[in-house]
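Below you'll find the structure, written out as structure tokens, and then a few comments.
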Amino acid sequence: MLKRHRNFFHYALDCLKKYKTRTFVVLIAFTIAISMLSSILFLKDGLEREAELSVSLAPDITVSYLQGGRVLLLPSSYIDKASEIKGVVRALPRIWGYDGKGLNTYTVRGLDLSGVEVDYGFSNLVKKGRFLVPEDAGTGSIVIGELLAGVLKVDVGDTMILLSESIEANRFTVVGIFSSETTIYTADLIVMPIDDARKFFKIPEGYVTDMIIYTDPEVPVDNVAAELSTMPNARVLTKDILLRGYKAAYGGRGGFLVTFWVILLSAVALVCFSQATIVGRESMFEVGLLKTFGFTTLDIIEIRLIESLILGVFSASLGMVIGIVYDIWFKAGIFAQSLLGWAFLPAEFHMPVYVSFPSVFSLYAVTVLPLLFATTVPAWLNAITDPELAMRRAAA
Amino acid sequence: MIETMNLTKIYNPGTPREVVAARDVNIRIDDGTITILRGPSGSGKTTVLSMIGLILTPSSGRILIDGENVTRYSDYWKALYRRMNVGFIFQHINLLPGYTAMENVLIPLLCLDEDVLNYKNKALELFKRLKITERVGNLVQQLSGGEQQRVALVRALVRDPKIILADEPTVFVDEETARIVFEMFGELRDQGKTVVVSTHDPRLIKIADRVYTMEKGTVVREQEA
Ligand SMILES: Nc1ncnc2c1ncn2[C@@H]1O[C@H](COP(=O)(O)OP(=O)(O)OP(=O)(O)O)[C@@H](O)[C@H]1O
Ligand SMILES: [Mg+2]
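These protein sequence lines map, in sequence, to chains P and W. Quick note: the first sequence uses numbering that gives the first Met the number 0, first residue 0, plus one each step. Quick note: the second sequence uses numbering that gives the first Met the number 0, first residue 0, plus one each step.
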């Protein structure tokens, strides 16, 4: 049995060589389409994975203060109130904000260092140096993202000056650098003790930006969230809601582009179909002839299947490799802006590329399926006509 | 033994282009014989030969192989039957362009569960006998009509079929080659093979066991040697 299939495989290869123009057109069209599609998909997967990673590091619940639809500062008294709710293990204040100009924009996050022991995930991300400890309070110690460290050219032990909103110089010492595993979320991050952040942003005593809540795993998070929501003006976000938000933001934009490329790919499939009809007459004759020699309809379809599988798998694989190269080395060029919303990426930035099985699978599917269809259906139609008629028709 | 009973083929039935290419054809082909179909152009020789070879479905009538009515057997069965038993030599030669003479001979063998290269020596032997050994590596579209016809002969004979269906197999070759071809047909008959030929060549008709003469789709005369 095996020898026949090997024979068919060789013949299919011969056919690919013989119909050079068709093979070439299909190969180029699919490789280009798949490289673009995969570039977007792998980037989208990467962003989603990063969102997941960062959310997994996030506290169980975040509470901010919402008034008239705008986020305002949260009174510190809310922290004590929240601590009394059943299921709340720890309620910790945060002060954070954005600052910087041009390329040097960053996110400053002030943490209550007494909570460091519950904030495991975050401290695990430190790649070089160490995370903050309670003794760092008031010393100007900071931990910064790898990307930012690169842009600012600072390392562990270095001192740096950051200008705050009020153009007041603040001196800080770098004690640790975050790894770039969750590139986007720690890339531009500066973590400092909460009191330093208060000074930096000039947040009045008695107020914080928001608070984070760690809950008892025994108590359903939603119950705790519901209880927290009863506090006036509290906006309560659980991890789940955060994740959905991130995914909607990136997935939505990605989805638009994916639709666009799927349409393009259908066009490519049409090209293939017309190509298949160009060689149709020749292949009609060939099919008729092969049948007179005793090839069955199934044999013919098997040959065409092997042909389109080789073509499809090859061009899809090549396209994916090009897509990954484009994402990593060329930082996804034209797609980066629409997916990330960033117009310019610093050279130090690593694209969060992630090759997921479902994406690879669907990329192979969108290549191989139209090809299979475009080649096997005409082959089948030819194969069910009388060989003598097929040959005569082709010759006429 | 192959027999036909009231074999009829109507092309484009029910349309203005309707052609009755064969009507109520009754012929009998015994194993180990040479049977000739002759008749003017358009009399239905190719049509009948194609139906006997199971590559054209009759409009009505029956084809019996060793007494078994195979007319309505599945496409799959017919393909396997052709694979195991039949060697075709077409009137229009029908080589696959883009392949060499040797490739054209070996391609039909791909559907066998065998290594096709095992047939290479047999093919070379036949090429030698038909005197075109030096052409085996050429693309078939570069060959002359006579050379192409000889390639088609090698292609049909290489797997040693029980039944050889040859449609005007010598129209393009020279006298000498035609003589070799007829000699080969004679040898095949001696080996017990069945040979059916559509031809006008008197030399072949002379050695044939049975000759059917067709006119306008019907058999008008049957001669036995
Ligand atoms: N596919 C077809 N559609 C319509 N008419 C056909 C078709 N094939 C053959 N015919 C017609 O059927 C008749 C018999 O054709 P066939 O090819 O069997 O003749 P033939 O005896 O082999 O002729 P020749 O000696 O010229 O080869 C002819 O009139 C031909 O035009
Ligand atoms: Mg004819």
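Just so it is clear, CB atoms sit at the ideal spot from N, CA and C, and this is done for glycine as well.
For residue i, three-class secondary structure by DSSP
| i | result |
| --- | --- |
| residue 19 of chain W | strand |
| residue 311 of chain W | Residue 311 of chain W cannot be examined here, being either before or after the span of chain W that is shown, 0 to 224. |
| residue 149 of chain P | helix |
| residue 16 of chain P | helix |
| residue 186 of chain P | coil |
| residue 196 of chain W | strand |
| residue 89 of chain P | strand |
| residue 87 of chain W | strand |
| residue 66 of chain W | coil |
| residue 296 of chain P | helix |
| residue 344 of chain P | In this prediction, residue 344 of chain P scores a pLDDT of 48, lower than 50, which makes its location untrustworthy; the coordinate-derived value is nonetheless stated afterwards. Coil at residue 344 of chain P, not helix or strand. |
| residue 215 of chain W | coil |
| residue 119 of chain P | Confidence at residue 119 of chain P is low in this model, with a pLDDT of 48, below 50, so its placement is unreliable and the value that follows should be read with caution. It is helical. |
| residue 126 of chain P | strand |
| residue 384 of chain P | coil |
| residue 160 of chain W | coil |
| residue 177 of chain P | strand |
| residue 32 of chain W | coil |
| residue 389 of chain P | helix |
| residue 74 of chain P | strand |
Contact test: residue i Cβ vs ligand 1 heavy atom, cutoff 7 Å
| i | result |
| --- | --- |
| residue 11 of chain W | yes |
| residue 45 of chain P | no |
| residue 90 of chain W | yes |
| residue 361 of chain P | no |
| residue 37 of chain W | no |
| residue 394 of chain P | no |
| residue 388 of chain P | yes |
| residue 180 of chain W | no |
| residue 391 of chain P | yes |
| residue 18 of chain W | yes |
| residue 265 of chain P | no |
| residue 41 of chain W | yes |
Interface partners of residue i on chain P, CB under 7 Å
| i | result |
| --- | --- |
| residue 166 of chain W | The premise fails here: residue 166 of chain W is roughly 11 Å from chain P at the closest Cβ pair, so nothing lies under 7 Å. |
| residue 115 of chain W | 6 |
| residue 78 of chain W | 290, 293, 294, 295 |
| residue 238 of chain W | As shown, chain W starts at 0 and ends at 224. That puts residue 238 of chain W outside it, with no answer to give. |
| residue 173 of chain W | Within chain P, no residue comes near residue 173 of chain W; the closest Cβ sits about 25 Å away, beyond 7 Å. |
| residue 23 of chain W | Result: empty, since nearest Cβ-Cβ is about 20 Å, beyond 7 Å. |
Residues that DSSP places opposite residue i in a beta bridge
| i | result |
| --- | --- |
| residue 55 of chain W | DSSP output for residue 55 of chain W lists no bridge partner at all. |
| residue 222 of chain W | W:210 |
| residue 63 of chain P | P:234 |
| residue 140 of chain P | P:172 |
| residue 98 of chain P | P:105 |
| residue 48 of chain P | Looking at the DSSP assignment, residue 48 of chain P forms no beta bridge with any residue, so it has no partner. |
| residue 288 of chain W | Outside the modelled stretch of chain W, which goes from 0 to 224, sits residue 288 of chain W, for which no answer is possible. |
| residue 4 of chain W | W:61 |
| residue 191 of chain P | P:109 |
| residue 10 of chain W | W:18 |
| residue 138 of chain W | W:99 |
Closer than 7 Å: residue i CB and nearest ligand 2 heavy atom
| i | result |
| --- | --- |
| residue 49 of chain W | no |
| residue 304 of chain W | The first residue shown for chain W is 0 and the last is 224, placing residue 304 of chain W beyond what the model contains. |
| residue 385 of chain P | no |
| residue 23 of chain W | no |
| residue 307 of chain P | no |
| residue 197 of chain W | yes |
| residue 166 of chain W | yes |
Where residue i meets chain W, residues with beta-carbon distance less than 7 Å
| i | result |
| --- | --- |
| residue 387 of chain P | 49, 54, 55 |
| residue 43 of chain P | Correct list: empty, because the minimum Cβ distance to chain W is about 44 Å. |
| residue 378 of chain P | Within 7 Å Cβ-Cβ: nothing; residue 378 of chain P doesn't reach chain W, min ~14 Å. |
| residue 17 of chain P | 97 |
| residue 285 of chain P | 95 |
Amino acids of chain P, ordered along the chain, whose beta-carbon sits closer than 8 Å to that of residue i
| i | result |
| --- | --- |
| residue 63 of chain W | The contacting residues do not exist; residue 63 of chain W stays about 20 Å from chain P at best. |
| residue 75 of chain W | 295, 296, 297 |
Proximal residues of chain W, C-beta to C-beta of residue i below 9 Å
| i | result |
| --- | --- |
| residue 390 of chain P | 54, 89, 91, 93 |
| residue 394 of chain P | 91, 93 |
Test: residue i CB closer than 8 Å to a CB of chain A
| i | result |
| --- | --- |
| residue 82 of chain W | You won't find chain A in this structure, because its protein chains are P and W. |
**Study point:** Contact list for the region 86-98 of chain W against chain P, Cβ threshold 7 Å
**Key:** 87, 91, 93, 95, 97
Point to revise | Under 7 Å (Cβ pairs) to chain P, residues found in the region 131-154 of chain W | key: none
Exercise for review: With 7 Å as the limit, tell me which residues of the region 221-245 of chain P have their beta carbon closer than that to any beta carbon of chain W; keep them in chain order.
Suggested key: none
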